[in-house]
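There are 2 protein chains.
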Amino acid sequence: MSFDILQEKIREKKNPTVAGLDPRIEYVPAHIQKKSFEQYGETLAGAADAVWEFNKGLIDALCDIVPAVKPQSAYYENMGWQGMAVMEKTIRYAREKGLYVIADIKRGDIGSTATAYAEGWLGVTKVGGTECPVFDADCVTLNGYMGSDAIKPFLEECVARNKSAFVLAKTSNPSSVELQDMVAGDRVVYTVMGDLIERWGKDTAGKYGYQALGAVVGATHPSVLKELRRRLERTFFLVPGYGAQGGTAADVRYAFDELGRGAIINASRSIMCAWKKTGQDGLDYQEAARNAAIQMREELKEYITIL
Amino acid sequence: MSFDILQEKIREKKNPTVAGLDPRIEYVPAHIQKKSFEQYGETLAGAADAVWEFNKGLIDALCDIVPAVKPQSAYYENMGWQGMAVMEKTIRYAREKGLYVIADIKRGDIGSTATAYAEGWLGVTKVGGTECPVFDADCVTLNGYMGSDAIKPFLEECVARNKSAFVLAKTSNPSSVELQDMVAGDRVVYTVMGDLIERWGKDTAGKYGYQALGAVVGATHPSVLKELRRRLERTFFLVPGYGAQGGTAADVRYAFDELGRGAIINASRSIMCAWKKTGQDGLDYQEAARNAAIQMREELKEYITIL
Chain A
2 MSFDILQEKI
12 REKKNPTVAG
22 LDPRIEYVPA
32 HIQKKSFEQY
42 GETLAGAADA
52 VWEFNKGLID
62 ALCDIVPAVK
72 PQSAYYENMG
82 WQGMAVMEKT
92 IRYAREKGLY
102 VIADIKRGDI
112 GSTATAYAEG
122 WLGVTKVGGT
132 ECPVFDADCV
142 TLNGYMGSDA
152 IKPFLEECVA
162 RNKSAFVLAK
172 TSNPSSVELQ
182 DMVAGDRVVY
192 TVMGDLIERW
202 GKDTAGKYGY
212 QALGAVVGAT
222 HPSVLKELRR
232 RLERTFFLVP
242 GYGAQGGTAA
252 DVRYAFDELG
262 RGAIINASRS
272 IMCAWKKTGQ
282 DGLDYQEAAR
292 NAAIQMREEL
302 KEYITIL
Chain B
2 MSFDILQEKI
12 REKKNPTVAG
22 LDPRIEYVPA
32 HIQKKSFEQY
42 GETLAGAADA
52 VWEFNKGLID
62 ALCDIVPAVK
72 PQSAYYENMG
82 WQGMAVMEKT
92 IRYAREKGLY
102 VIADIKRGDI
112 GSTATAYAEG
122 WLGVTKVGGT
132 ECPVFDADCV
142 TLNGYMGSDA
152 IKPFLEECVA
162 RNKSAFVLAK
172 TSNPSSVELQ
182 DMVAGDRVVY
192 TVMGDLIERW
202 GKDTAGKYGY
212 QALGAVVGAT
222 HPSVLKELRR
232 RLERTFFLVP
242 GYGAQGGTAA
252 DVRYAFDELG
262 RGAIINASRS
272 IMCAWKKTGQ
282 DGLDYQEAAR
292 NAAIQMREEL
302 KEYITIL
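Residue numbers (this note's numbering), protein chains in the order written: chain A, 2 to 308; chain B, 2 to 308.
Written as structure tokens, this is what we have:
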């Protein structure tokens with residue numbers, strides 16, 4: 002199962018961190034922007050070129066420190082098809098460098114639509130008699146509001162191709178309470194969703210005991226992390242909200258099992274934009290990102306020992 | 002407000018139907034596929050070219066019958082960046098033909114990520130000092146599981162640019178019961194979501210009384226349509242599930258107010274794939290699609306009079 006692969010990469014690097022690749026154009030250092038704009042103008046093609054250069058540099062700088070990267074689709078879609086071409090190239094490049102790639106797409110749709118999404122992001126699209134890989138990530142994020150119909154086509158690809166998916170349970174943002182914390186009988190919406198995730202994923206556990214369907218649980222709710230970790234023994238967690246949003250290493254330790262397994266913590270801006278704090282105009286963006294990733298690894302090590 | 006524009010287009014055509022553009026490659030007639038594959042091979046580029054030809058033909062055939070089209074992002078993403086280029090061209094072409102375009106993306110994410118999505122699909126992306134339109138649809142579909150943080154950036158674009166969005170409330174698929182029908186006190190999840198949608202959209206009502214945030218409510222639940230129509234007086238409905246999924250004209254009449262306004266009914270395969278039933282190998286796909294759309298308009302007319 003695919004979470005075995007991720008768990009092993011985490012163990013190799015002794016680091017349960019995934020670096021978000023969420024490149025707004027203003028996160029790209031000026032010298033990279035300048036070069037791309039000189040060639041393509043201030044256009045979507047220019048922005049896409051700059052982001053691609055930035056991503057390559059980040060992946061080169063991080064690939065021996067972090068086990069995984071998580072490109073967020075929104076930051077590519079907002080550059081149109083040129084951006085999506087960069088998303089494709091970024092996923093391919095990161096996998097070539099040995100990184101586990103989580104495509105953060107939060108898709109959720111039904112029937113043949115869910116099948117099309119699953120083909121595009123994890124599987125292959127059949128064109129006539131030819132099977133064409135498309136984005137071909139290791140893992141995606143999903144939204145389960147529509148129920149199992151939206152998840153099953155992805156789960157089938159996970160099982161067939163040794164891939165995985167995280168479904169939103171309790172998110173890190175302030176307004177997550179509006180729906181996710183609704184009380185229904187003796188449960189709340191996020192535990193119902195957690196239970197569904199564990200039920201949908203049954204019979205797909207790998208050697209570390211985790212099923213192919215994981216859950217997104219925000220770092221900003223340590224008590225929820227603790228509760229869901231106890232409740233969902235076979236569910237791997239993707240934990241956003243570390244750093245800028247307020248989650249600390251002390252908070253996220255509850256996402257892990259007693260062997261320090263079963264979770265990965267996301268950091269995006271604190272790594273990508275680390276160069277903004279060094280006063281060198283981004284010329285040192287690779288070194289700054291690398292140092293930030295090492296610092297986060299060391300922070301987590303204070304609380305989490307991965308066996 | 003943007004739903005005024007949609008309502009006026011519905012009135013002009015006397016037809017509250019949106020035609021889904023969900024083109025799996027096998028929905029494209031063989032003669033179109035053949036031509037594209039001869040030029041590009043059985044590749045994603047070949048598939049994308051075939052889909053683009055098919056879409057143009059459908060839009061030409063339908064643009065005086067239906068007020069709106071709804072391209073579903075999944076069927077473009079599964080052809081990678083080439084597919085996304087077709088999504089961009091399809092939206093532009095349909096708008097040029099006077100159609101209202103709903104990009105069916107069901108996105109839902111937070112903070113700067115939601116902003117990036119909103120820029121890409123409704124607004125503009127700033128590149129240096131230049132504002133670049135990207136997909137530039139009239140309307141999108143959204144998923145509100147993460148709460149208002151995921152909706153607000155879109156709502157801001159709606160207000161600033163006279164656009165609109167539909168948020169999932171009660172979907173048409175069988176497994177929608179798993180989460181959406183959970184009972185919480187005296188409400189169920191889909192009414193909570195409906196109430197949130199109406200609250201988030203407040204102060205954005207146009208001259209027909211509908212706010213810039215609408216709701217998706219499936220045709221397969223007529224009693225829910227009736228209940229939510231009464232409950233959410235200012236919320237425009239997008240109703241999927243007509244035809245293949247079992248919803249009838251008699252069912253969907255409950256989506257409309259007493260003036261026959263406030264809703265639009267989706268049909269995808271019954272129009273796109275109408276050629277599969279005429280025995281002419283798809284050479285007549287335009288005529289078949291047009292006839293299917295006219296037939297649906299006439300079915301709806303039995304129950305709904307638009308004033």
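Just so you know, even glycine gets a beta-carbon here, dropped at the ideal spot from N, CA and C.
For the pair the segment 263-270 of chain A and the segment 32-48 of chain A, tell me if three or more CB-CB distances fall below 8 Å. no
Contacting positions in the segment 174-188 of chain B - beta carbon closer than 9 Å to chain A: Asn174, Pro175, Ser176, Ser177, Val178, Glu179, Leu180, Gln181, Met183, Val184, Ala185, Gly186 and Arg188
Output yes if chain A places a C-beta closer than 8 Å to the C-beta of Cys282 of chain B; else output no. Checking the displayed sequence, the identity of residue 282 of chain B turns out to be Asp instead of Cys. No, no contact with chain A.
Skipping 5 residues on each side, what residues in its chain have a beta carbon closer than 8 Å to that of Tyr94 of chain A? Asn56, Lys57 and Ile60
Beta-carbon neighbours of Gly47 of chain A, restricted to chain B and to distances below 7 Å: Val128
Who are the Cβ neighbours of Asp252 of chain B in its own chain at under 6 Å, not counting the five residues just before and after it? Ala220 and Pro223
Check each candidate in A:Thr279, A:Tyr77, A:Ile198 and A:Trp201 and name the one with the smallest Cα separation from Ala51 of chain A. A:Tyr77
Check whether chain A comes within 8 Å of Gly244 of chain B, counting only Cβ atoms and requiring the distance to be less than that. no
Alpha-carbon spacing of Gly21 of chain A relative to Lys127 of chain A, whole angstroms: 30 Å
Near Ile92 of chain B, what residues of its chain come up, given a Cβ to Cβ distance below 8 Å and the 5 sequence neighbours on each side ignored? Pro72, Val102, Ala104, Phe136, Asp137 and Ala138
Neighbour-count burial assignment, Arg232 of chain B, 16 or more Cβ in a 10 Å radius: exposed
Looking at the C-beta of Val190 of chain A, does it have a partner C-beta in chain B at a distance below 8 Å? yes
By the 9 Å beta-carbon criterion, what residues does the segment 108-119 of chain B contribute toward chain A? Arg108, Gly109, Asp110, Ile111, Gly112, Ser113, Thr114, Ala115, Thr116, Ala117, Tyr118 and Ala119
Does the beta-carbon of Ala117 of chain A have 16 or more other beta-carbons within 10 angstroms, so that it is buried, or is it exposed? buried
Could you tell me which chain A residues have their CB closer than 9 Å to the CB of Ile26 of chain B, listed as they occur along the chain? Thr126, Lys127, Val128 and Gly129
Flag this pair as yes or no: are the beta carbons of Leu7 of chain B and Ala69 of chain B separated by less than 8 Å? yes
Under the three-state DSSP convention, the category Val67 of chain A falls into: coil
Residues from the segment 33-44 of chain A in contact with chain B, defined by Cβ distance under 9 Å: Gln34, Phe38, Gly42, Glu43 and Thr44
Closer than 7 Å by C-beta to Pro17 of chain A: which residues in its own chain qualify, once you throw out the five before and the five after it? Chain order, please. Ile11, Ala264, Ile265, Ile266, Leu301, Ile305 and Ile307
Among A:Lys107, A:Thr192, A:Arg188 and A:Ala213, which residue has its Cα nearest to the Cα of Glu157 of chain A? A:Ala213
Between the CA atoms of Cys133 of chain A and Arg108 of chain A - distance to the nearest angstrom: 21 Å
For Asp86 of chain B and chain A, any beta-carbon pair shorter than 8 Å? According to the sequence displayed, residue 86 of chain B carries Ala and not Asp. By this cut-off, Ala86 of chain B is an interface position.
What are the boundary residues of the beta strand (DSSP E) that includes Gly21 of chain A? Thr18 to Leu22
Which whole-angstrom value describes the C-beta separation of Pro241 of chain B and Ser176 of chain B, a residue pair presumed to lie in contact below a C-beta threshold of 8 Å? Going by Cβ atoms, the distance from Pro241 of chain B to Ser176 of chain B rounds to 14 Å, so no, they are not a contact pair.
Against chain B, does Ser224 of chain A count as a neighbour if the rule is that its beta carbon must be under 8 Å from one of theirs? no
Residues of its chain near Lys227 of chain B, where Cβ-Cβ distance is below 7 Å and the 5 sequence neighbours each way are ignored: Tyr255
Taking Cβ-Cβ distances shorter than 7 Å, what residues in chain A pair up with Cys133 of chain B? Thr44 and Leu45
Against Met194 of chain B, what residues of chain A qualify as contacts under a CB-to-CB distance less than 8 Å, listed in chain order? Leu180
C-alpha gap between Asp196 of chain A and Leu143 of chain B, whole angstroms: 24 Å
With distances taken from CA atoms, which of B:Gln181, B:Val67, B:Asp23 and B:Pro30 is nearest Met297 of chain B? B:Val67
The beta strand (DSSP E) that contains Glu132 of chain B, what's its start and end? Thr131 to Pro134
Helix, strand or coil for Asp105 of chain A, going by three-state DSSP, please let me know. strand
CB of Ala49 of chain A within 8 Å of CB of Val87 of chain A, strictly: yes
Relative to the alpha-carbon of Ile295 of chain A, which residue among A:Gln83, A:Val190 and A:Leu63 has its alpha-carbon at the smallest distance? A:Leu63
Hey, is Met273 of chain B's beta-carbon within less than 8 Å of any beta-carbon in chain A? no
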